[in-house]
Amino acid sequence: MIELRGIERHFQVGDERVHALNEVTLDLPSGDYVSVMGPSGSGKSTLLNVLGLLDRPDSGSYRLDDVETTTLIEEKRAALRRSHIGFVFQAFHLVPRLTAADNIGLPMMLAGAGPRARGARVREVLESLKLLARAQHRPDQLSGGQRQRVAIGRAIVMRPALLLADEPTGNLDRHAGSEVVALLESLNASGITLVIVTHDPAIGRRARRQIRMVDGRIESDSVDDAPV
Amino acid sequence: MRLSELLRFVTGSLIGARTRTLLMLLAMSIGVASVVVLTALGEGARRYVIDEFAQLGTHLLVMLPGRSETTGGAPPLFGETPRDLTLSDAMALPRHRSILRVAPITVGNAPVSYANREREVTVIGATHAFFPIRHLTIGSGRPLPMIDPERAVNVAVLGAGLRKELFGKQRPLGKWIRINDRRYRVIGILSSGGQSIGRNLDDLVIIPVAAAQSLFDTPSLFRVLIQARSQEDIPRAQAAARDTIRERHDGEDDVTIITQDALLDTFDGILRALTYTVGGIAAISLAVAGILVMNVMLVAVSQRVAEIGLMKALGAPDRQVLRLFLIESVVLAGSGAIFGLAIAGLGILALGQLFPSFPIAAPLWAPLAAVAVALLTGLLFGILPARRAARLDPVRALSRR
């Protein structure tokens, strides 16, 4: 359960003061499927970064599972990020020297999980992603769609409650893109809260709830009850 | 994160940047190797000198006529003529329990001839005791006879080199040679290759001290070698010798007694200081390598900005990122140090093969200190890059493509 109340975020770009988030108030119930759309510079990525605890709002309140996150020290925010949130990036951000399995296991390794527990969980994830055959391949030996699936595997290996995807299909062709979206939707169907930031209206329209942002404000927030 | 996994991860990222890592290892290993090899050379020089002194004789005291140490008094206005150090002075010394042997010595240069061959060499006047004190060994014949030192017997022991030059292939024993128109019978030859603090023992002739005194027409001795009975007896022997001479010289303390140990200590101190200095200079190269570590790590941080951002997004706290990069630079420095030790080991081995008579060996502290300094520089110069990594803003780090 996510509650945003009056979130403000400003950036100083040269002499100009950019209002990236302006009085953003938003509730996301657990298991929600939300797409965030809007023109470049409308604040969608900033919203995602705030939701992901990567960015700290200048003012306002952000409660994640009833924990007020804006006043937490950085270390606690990192711990929340580790246990509650998974990220999927447009540029995949896989570590090039690590195999697919090691990339997926990276969050567990950083969290201090032993090789045995990690190996079992990574195998489980690889299986669910149908990537078992690629476990020992490095990113440069994988196709774009496979890379993004590995990145999604890494995002869910810690069993987060919230999955944040920033243009997950931006670097993929249509076919690979729709595969990735289908994978994300299946994860949502199993209970994970999914937030997708996208330029692509076709993908945005698939979400149950669609948020449109302009100039740092939520312009529209519509719930489409018709099943996909 | 477990240490073994940390190391594996860090090693992976170092191997990932192969060229950079290899260059860094090279720099670090040269630094460590130069510290170890240079200190090993210094230590070798020290051992060499100590060995040479040991060959000179054990528990040795050297008595010289005249007082060369400053006494702290006013400068002598009337030329202080020291009494001669005479043969009877020397012969009075062995009465003391602490003194094992005494060898009075006179030295001069004189032409030595046999048949029509003549050489200008060092003539040493000594007694039988001179041979055991100086560890001189006889190649053939016998040493000077054990006779009353006051007796001027005309016999001579030749150095091996002089024997060759005078006699060639002839048998020298029993032949008569001339020194300054006096005739001496050859009774022994020193074994060849003798060396003592750079002085060649090949080109000399040893005759009884009384004969030498008469040959050079001097009542005074050049010096007296005194061998104490044991290490502990050295100070006692020194005091006894001084007392004896003072008694015989009307209460005048007019000889200088140098203990071999004092001399040895001086050299030892000088060469140790030299070793430290050379080691310290070499350590500068380690500091340079440290700066290289910093450089390499800064490049690594800027090349891995996205990775650092990712680790933060995955929930790695700043502390962990800092630790990862610090450990990376320490591992870099440490493996460089290990390579350096290997290079140093090979270098010392090679030098030992090339110069077998030079006792080259690294003192134990040198590799330990070199590795410690290497690790420390790795840590120290790793701090700045690691902090830079830890402070990266994950949002900006991830938005860079």
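Line by line, the protein sequences give chains A and B.
Per the working numbering, the first sequence runs over residues 1 to 228.
Per the working numbering, the second sequence runs over residues 1 to 401.
Glycine included, every Cβ here is placed at the ideal spot set by N, Cα and C.
Please read these numbers as outputs of a predicted model, since none were measured by experiment.
Put simply, the region 148-158 of chain A touches the region 92-104 of chain A. At least three CB pairs are less than 8 Å apart. By the neighbour-count criterion, in which a residue is buried when 16 or more other Cβ atoms sit within 10 angstroms of its Cβ, G251(B) is exposed.
Ranked by Cα distance from L4(A), the first of T46(A), A113(A), R63(A) and E16(A) is R63(A). When Cβ-Cβ separations below 8 Å define contact, E74(A) makes contact with chain B.
Residue burial is scored here from C-beta neighbours: F87(A) has at least 16 other C-beta atoms within 10 angstroms and is therefore classed as buried.
Residue contact check for A390(B) against chain A: no CB pair falls below 8 Å. The contact set of A79(A) on chain B, defined by CB atoms closer than 7 Å, consists of G315 in chain order. According to the DSSP assignment, L322(B) belongs to the alpha helix (DSSP H) that extends over D318 to L354. Interface with chain B (8 Å Cβ-Cβ cutoff): A117(A) is excluded. Note on geometry: alpha-carbon atoms of A92(B) and L61(B) lie some 16 Å from one another. For M63(B), the uninterrupted beta strand (DSSP E) run begins and ends at L60 to P65, by DSSP. Secondary structure at G144(A): helix, using DSSP grouped into helix, strand and coil. For D55(A), at least one C-beta of chain B is nearer than 8 Å to its own C-beta. In this structure, DSSP gives P208(B) an extended state, which the three-state scheme calls strand. Straight-line measurement puts the Cα of P385(B) at about 15 Å from the Cα of A306(B). The contact set of S13(B) on chain A, defined by CB atoms closer than 7 Å, consists of R97 in chain order.
A Cβ-Cβ separation of about 16 Å leaves L172(A) out of contact with G204(A) under the 8 Å criterion. Looking at the DSSP output, P111(B) shares a beta bridge with E120(B). Contact annotation: I270(B) and V37(B) have beta-carbon atoms that are not nearer than 8 Å. By the C-beta density criterion, E232(B) is exposed, having fewer than 16 other C-beta atoms within 10 angstroms. Sequence-distant Cβ neighbours of F358(B) in its own chain, meaning closer than 7 Å and more than five residues away, are G44 and Y48.
Distance from the CA atom of A361(B) to the CA atom of L286(B), rounded to whole angstroms, is 21 Å. The region 212-228 of chain B and the region 124-133 of chain B touch, with no fewer than 3 CB-CB distances between them shorter than 8 Å. It is roughly 37 Å from the alpha-carbon of F267(B) to the alpha-carbon of S214(B). About 7 Å separates the CB atoms of I206(B) and A156(B); that is less than 8 Å, so the two are in contact.
Identification of chain B residues near F87(A) by a Cβ-Cβ cut-off of 7 Å yields A313, ordered along the chain.
With a beta-carbon spacing of about 7 Å, R185(B) and G174(B) fall inside the 8 Å limit used to define contacts. With respect to chain A, the C-beta atom of R2(B) has a partner C-beta closer than 8 Å.
Each of S190(A), V214(A) and T193(A) was checked against the Cα of H199(A), and the nearest Cα belongs to V214(A).
As a beta-bridge residue in DSSP terms, P104(B) pairs with V224(B). Around the beta-carbon of Q238(B), 16 or more other beta-carbon atoms lie within 10 Å, marking it buried. Counting only the Cα atoms, L274(B) lies some 29 Å from R134(B). Around the beta carbon of G52(A), a 10 Å sphere encloses 16 or more other beta carbons of the protein chains shown; the residue is thus reported as buried. With respect to chain A, the C-beta atom of L310(B) has a partner C-beta closer than 8 Å. Straight-line measurement puts the Cα of L332(B) at about 17 Å from the Cα of I343(B).
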